[in-house]
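K.L.:
Let me begin by handing over the structure; questions about it come next.
In the working numbering, the protein residues as written are 3 to 362.
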């Protein structure tokens with residue numbers, strides 16, 4: 003059997019194996035999964051090996067010195083590597099609720115897809131006559147580039163659950179900013195979507211105009227409710243941003259919280275993202291008072307729960323008694339510990355919610 007024919011056969015068999023692993027990707031491996039840092043390390047190591055060897059294969063097939071010896075030799079070791087990647091993919095399905103595991107699972111799935119595309123392109127090129135091999139060789143080069151890119155993306159996978167949570171929230175925070183900007187424009191308010199402190203988030207201007215997307219005009223009471231609800235939305239958004247830029251970014255010390263804390267934070271934040279949209283939508287006229295109040299209560303409760311749970315991210319002394327803390331206009335000038343800031347934000351959320359409920 004010629005080296006070209008051998009390479010074509012091996013590539014076709016491996017391509018089929020990848021397809022099988024991809025079709026079974028939803029199945030979780032039974033038993034206790036290895037630690038996430040080990041899964042991530044092994045994934046990157048195997049990916050780099052295949053990326054390097056796929057590049058060597060492509061270079062070896064570059065005319066006019068085309069040689070099928072390198073592909074034929076290298077592909078013999080790919081069966082074991084592909085199966086190991088399939089095993090890693092199955093392990094990362096073991097705890098689908100973990101953001102880090104989901105992130106690694108997605109990167110591994112993309113890697114396996116890229117491997118399958120490379121192998122299919124290689125098999126096609128090996129089975130093509132020289133007269134029509136130009137476009138097929140180009141396909142192989144593109145597949146090689148895709149495989150290389152997928153390994154790069156694998157290296158960018160978060161190193162721990164905290165980093166995965168920050169990455170997930172940063173992507174979602176942009177959606178909240180867009181919704182808040184739209185509401186502020188509608189209510190004639192200066193933009194505070196990028197507000198970094200509580201005093202800015204709670205500042206409200208007189209509403210000089212309304213640029214309504216709806217044919218329904220708001221009553222004076224509805225306008226007052228919308229303005230009060232805007233403060234609650236700003237504070238919820240500010241809390242999430244603070245966790246991204248400060249609480250989750252800080253060093254956690256010698257005793258970082260367990261993954262269960264991050265899982266709880268992620269679940270609560272997901273509730274906030276959903277409720278945020280519900281409350282924003284409820285502000286347009288004609289307002290359903292029960293719907294608006296339910297959404298506001300849910301947002302306040304979830305945000306305060308998030309602030310309370312986030313205190314566990316800090317292993318230094320926590321000051322729980324804030325009775326003497328000045329909450330006047332100068333409160334932002336004080337130097338607050340992160341737990342103090344979180345509790346202050348929780349208090350402001352409660353006050354904003356109370357003001358909204360007080361509007362008949």
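Backbone N, C-alpha and C define an ideal beta-carbon position, used for all residues, glycine too.
Does residue 229 pass the burial test, meaning 16 or more other C-beta atoms within 10 Å, or should it be called exposed?
P.N.:
As a position in the chain shown, residue 229 is number 227, starting the count at 1. The residue is buried, with at least 16 neighbouring Cβ atoms inside 10 Å.
K.L.:
Can you list, in chain order, the residues of its chain with a C-beta nearer than 7 angstroms to that of residue 6? Leave out the 5 residues immediately preceding and following it.
P.N.:
Translated into positions along the chain shown, residue 6 becomes position 4. Only 70, 128 meet the Cβ criterion.
K.L.:
Which term fits residue 356, buried or exposed, when burial requires 16 or more other beta carbons within 10 angstroms of its beta carbon?
P.N.:
Along the chain shown, read from residue 1 onward, the residue named residue 356 stands at position 354. Exposed: under 16 other Cβ atoms inside 10 Å.
K.L.:
Could I get the ranges of all uninterrupted alpha helix (DSSP H) runs contained in the segment 135 to 188, with 4 residues as the minimum, in chain order?
P.N.:
List check, alpha helix (DSSP H) in window: 135 to 157, 163 to 188.
K.L.:
Which stretch, first to last residue, makes up the alpha helix (DSSP H) that contains residue 53?
P.N.:
Residue mapping note: residue 53 aligns to position 51 of the chain shown, counting from 1. First-last of the alpha helix (DSSP H) with residue 53: 38 to 62.
K.L.:
Buried or exposed, going by whether 16 or more other CB atoms sit within 10 Å of the CB of residue 54?
P.N.:
Indexing the chain shown from 1 puts residue 54 at position 52. The residue in question, residue 54, is exposed, as its Cβ has fewer than 16 Cβ neighbours within 10 Å.
K.L.:
Check residue 70 in the structure and name its three-state DSSP category.
P.N.:
Numbered from its first residue, the chain shown carries residue 70 at position 68. It is coil, neither helix nor strand.
K.L.:
Just tell me which of 294, 161, 179, 167 has its CA closest to the CA of residue 37.
P.N.:
Numbered from 1 along the chain shown, position 35 holds the residue referred to as residue 37. Among 294, 161, 179, 167, the Cα nearest to that of residue 37 belongs to 161.
K.L.:
Around the C-beta of residue 103, are 16 or more other C-beta atoms found within 10 angstroms, so that it is buried, or is it exposed?
P.N.:
The count along the chain shown starts at 1 and reaches residue 103 at position 101. So residue 103 ends up on the buried side.
K.L.:
Where does residue 117 sit, in a helix, a strand or coil, going by DSSP?
P.N.:
In the chain shown, residue 117 corresponds to position 115, counting from 1. DSSP places residue 117 in helix when its eight states are reduced to three.
K.L.:
Using CA atoms only, rank isn't needed, just tell me which of 240, 155, 123 is closest to residue 175.
P.N.:
Taking the first residue of the chain shown as position 1, residue 175 is located at position 173. With distances taken between Cα atoms, residue 175 lies closest to 240.
K.L.:
Leaving out five residues before and five after residue 275 in sequence, what residues of the same chain have Cβ atoms less than 8 angstroms from its Cβ?
P.N.:
In the chain shown, counting from the first residue as 1, residue 275 sits at position 273. Hits under 8 angstroms: 174, 177, 178.
K.L.:
By the three-class DSSP mapping on this structure, what secondary structure does residue 29 have?
P.N.:
Taking the first residue of the chain shown as 1, we reach residue 29 at position 27. Of the three classes helix, strand and coil, the one that applies to residue 29 here is coil, per DSSP.
K.L.:
Does the beta-carbon distance from residue 1 to residue 116 come in below 8 angstroms?
P.N.:
This structure leaves residue 1 out entirely; the chain is present only between 3 and 362.
K.L.:
Once DSSP output is grouped into helix, strand and coil, what is the label at residue 361?
P.N.:
Sequence index remark: in the chain shown, residue 361 carries index 359 (1-based). In the structure shown, residue 361 sits in coil (DSSP, three-state: anything other than H, G, I, E or B).
K.L.:
Going by Cα to Cα distance, which pick from 181, 119, 159 is closest to residue 363?
P.N.:
Lying before the first or after the last residue shown, residue 363 is absent from the chain, which here runs from 3 to 362.
K.L.:
Do the segment 286 to 305 and the segment 259 to 268 meet, that is, are 3 or more Cβ pairs less than 8 angstroms apart?
P.N.:
Cβ pair count under 8 angstroms is below three, so no.
K.L.:
How many whole angstroms separate the CB atoms of residue 126 and residue 57, which I take to be in contact at a CB cut-off of 8 angstroms?
P.N.:
Counting from one through the chain shown, the residue named residue 126 turns up at place 124. Counting from one through the chain shown, the residue named residue 57 turns up at place 55. Actually they do not touch by this definition, with Cβ atoms about 19 angstroms apart.
K.L.:
Buried or exposed, going by whether 16 or more other CB atoms sit within 10 Å of the CB of residue 170?
P.N.:
If you number the chain shown from 1, residue 170 lands on position 168. Buried.
K.L.:
I need the DSSP call for residue 20, collapsed to helix, strand or coil.
P.N.:
Here residue 20 corresponds to residue number 18 of the chain shown, with the count starting at 1. Residue 20 falls in the helix class under three-state DSSP.
K.L.:
So what's residue 306 in DSSP terms, helix, strand or just coil?
P.N.:
The sequence position of residue 306 within the chain shown is 304, counting from 1. Helix at residue 306.
K.L.:
Quick one: what does DSSP say residue 356 is sitting in, helix, strand or coil?
P.N.:
By one-based count along the chain shown, residue 356 stands at place 354. Reduced to three states, the DSSP call for residue 356 is helix.
K.L.:
Taking just the CA atoms, how far does residue 136 sit from residue 100?
P.N.:
Counted from its first residue, the chain shown places residue 100 at position 98. Counted from its first residue, the chain shown places residue 136 at position 134. Straight-line Cα distance between these residues: approximately 45 angstroms.
K.L.:
Consult DSSP for residue 111 and reduce its assignment to one of helix, strand or coil.
P.N.:
As a working mapping, residue 111 is identified with position 109 in the chain shown. Correct three-state label for residue 111: helix.
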